[in-house]
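The sequence shown begins at 9 in my numbering and counts up by one.
Heads up, the thing below is written out as structure tokens.
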Amino acid sequence: MLLLVALLAYLLWPKPQIIVLPGLVQAQETSNASKVGGRVKAILVQEGSRVARGQVLITFDDTGYIAQLVEAQATLAQAKARTSLMRAGAQREDLSQAKSQVQQAREKLHLLRDGSTPESLKQAQATLTQATSQAYLAQEAFEKAKTLLQNGVISQQKYDALAAQAQTAQSALESAKASASRLKRGNLPQEIAIARAQLTSAQAGYQKLAKGALPEEIQVAEADVAKAQSALLAVQDQVSEMNLKSPINGVVTVLNVKPGELVPPGRPVVSVMDTRRLWTDIYVPESKLAGVSPNMPVEALVNVYGRKKFRGKIVFISPQSEFVPSGSGRASFSEESSFRVKVLLAPLDTTATVRLKPGMKIDVRVELQ
């Protein structure tokens, strides 16, 4: 009787249902390109090289961008210095210089208003007399030099020097004549008006320094700083694109570039695959979906390794179904909707002699709950 009861219990006890679904081993692969491109300067890896995240793979010629970077840094420094000066106000030396310019402009205007004095007329006449004498002597020496040059007494170089002296003396004489004439006739109204305008401008400059920069002017200067900072960041981003780095840990699978080649912006030149994190997608029929859940362990069977088993875990179940016809190789069930289920395979054991590789066909063994 006991044996009969045990046999009935074994036959009637619910057995776990197992389904086997086909899959394909997959891995993350990134195609890397430079946003700005350029001429390839150096290739630091080769196909099959294992690289780390952030490692430089390819460098481009950055000569032009370095010059732009230096210029952008200088522009930002100038904008910051100008803003700092506006906030700090005028320095004592600047105020003293502006005040001196006002005084000079005022004295010039007073002289023009007062006109010529007996002393200035006397001085101008003495200057004219001296200039006349020097011009006469220089011209006389030049005339004699013509004869001496023809007779071979003096050189051409000496003759040219005397000619230049005569010309200089004549120019000084014309200037002295004009100065004496102006003093005799008095200053023109236009000259007085120009001097008055110069005094007004100097006074306005001094008052502006004394009051300091207006809030609106400081805001404009601060806007120039922000604009220069933005330009600098843009150039720095371009310079960083001259070093093409790996975004992930992995193995170089494609290297599509040569040293010296001119690469256009955005063209993929190197691909990196993360072979340590593998997964596969299986498609569970709607009728079996209730038996699977996240974090549920599964087994992956690889035919190429004689049905060797690898561990796996369900990490995602699609919330949306899709229609998978029978005979497609995805399932052996009648035609019905299926749900994509992502299975994360066990981390790669670098010491193992048998390894999963992207692209391998596998069968996933799922024990339904």
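All C-beta atoms, glycine included, are put in the ideal place defined by N, C-alpha and C.
What residues in its chain sit with their C-beta under 6 Å from that of residue i, if we drop five residues either side in the sequence?
i: Ala113; result: Gln206, Leu207 and Ala210
i: Gly320; result: Val306, Ala308, Val351 and Leu353
i: Ser340; result: The predicted model places Ser340 with a pLDDT of 47, which falls under 50 and marks its position as unreliable; any figure quoted below should be read in that light. Around Ser340: no qualifying Cβ.
i: Arg315; result: Leu309
i: Leu270; result: Arg47
i: Ser336; result: Only weak support exists for where Ser336 lies, its pLDDT of 45 falling under 50; the coordinates are left without a value.
i: Ala149; result: Leu170
i: Asp232; result: Ala87
Verify whether the separation of the beta carbon atoms of residue i and residue j is less than 8 Å.
i: Thr288; j: Val259; result: no
i: Val277; j: Val265; result: yes
i: Arg373; j: Val28; result: yes
i: Gln133; j: Ala177; result: no
i: Glu344; j: Ser295; result: yes
i: Asn303; j: Ala60; result: no
i: Glu37; j: Thr261; result: yes
i: Gly45; j: Arg363; result: no
i: Gln244; j: Leu376; result: no
i: Gln237; j: Leu84; result: yes
i: Gln165; j: Leu157; result: no
i: Phe347; j: Tyr291; result: yes
What residue from the options has the CA that sits closest to residue i's CA?
i: Val53; options: Gln34, Thr91, Leu252 and Ser326; result: Leu252
i: Pro255; options: Ile26, Ala143, Leu65 and Ser238; result: Leu65
i: Leu234; options: Gly299, Gln86, Val59 and Ile74; result: A small correction: the amino acid at residue 234 is Ala; Leu does not occupy that position in the sequence shown. Among Gly299, Gln86, Val59 and Ile74, the Cα nearest to that of Ala234 is on Gln86.
i: Gln175; options: Lys152, Gln142, Gln164 and Ser163; result: Gln142
i: Ser183; options: Val247, Ser104, Ser248 and Gln138; result: Gln138
i: Glu151; options: Leu241, Ile51, Gln173 and Ala239; result: Gln173
i: Pro273; options: Leu10, Met9, Pro24 and Lys43; result: Lys43
i: Ile322; options: Phe331, Gly299 and Thr135; result: Gly299
i: Phe349; options: Tyr313, Pro293 and Gln111; result: For the sequence presented, residue 349 should be read as Val rather than Phe. Among Tyr313, Pro293 and Gln111, the Cα nearest to that of Val349 is on Pro293.
So, helix, strand or coil for residue i, using DSSP?
i: Asp232; result: helix
i: Ser248; result: helix
i: Arg58; result: strand
i: Ala339; result: With a pLDDT of 46 at Ala339, under the threshold of 50, the predicted position of this residue should be treated as unreliable, though the coordinate-derived value follows. Ala339 falls in the coil class under three-state DSSP.
i: Asn159; result: coil
i: Ile256; result: coil
i: Ala35; result: strand
i: Lys152; result: helix
i: Lys365; result: coil
i: Met281; result: strand
i: Asp69; result: coil
i: Gly45; result: coil
i: Ser326; result: strand
i: Ala308; result: strand
i: Glu375; result: strand
i: Ala50; result: strand
i: Lys321; result: strand
Measure the C-alpha to C-alpha separation of residue i and residue j and round it to an integer number of angstroms.
i: Val310; j: Asp371; result: 7 Å
i: Gly367; j: Leu286; result: 10 Å
i: Met250; j: Asn40; result: 13 Å
i: Thr91; j: Gly268; result: 44 Å
i: Gln328; j: Leu297; result: 12 Å
i: Thr71; j: Lys369; result: 49 Å
i: Ala6; j: Ala180; result: Lying outside 9 to 377, the shown extent of the chain, residue 6 is not represented and no answer is given.
i: Ile325; j: Lys317; result: 23 Å
i: Ser104; j: Ala82; result: 29 Å
i: Ser108; j: Gly213; result: 12 Å
i: Ala75; j: Leu145; result: 60 Å
i: Asp69; j: Ala50; result: 9 Å
i: Lys130; j: Gln147; result: 26 Å
Is there a Cβ of chain D sitting closer than 8 Å to that of residue i, yes or no?
i: Ser209; result: Included in the structure is just one protein chain, with no chain D present.
Keeping to the same chain, check which residues put their C-beta closer than 7 Å to that of residue i; ignore five residues upstream and five downstream.
i: Lys365; result: Val33
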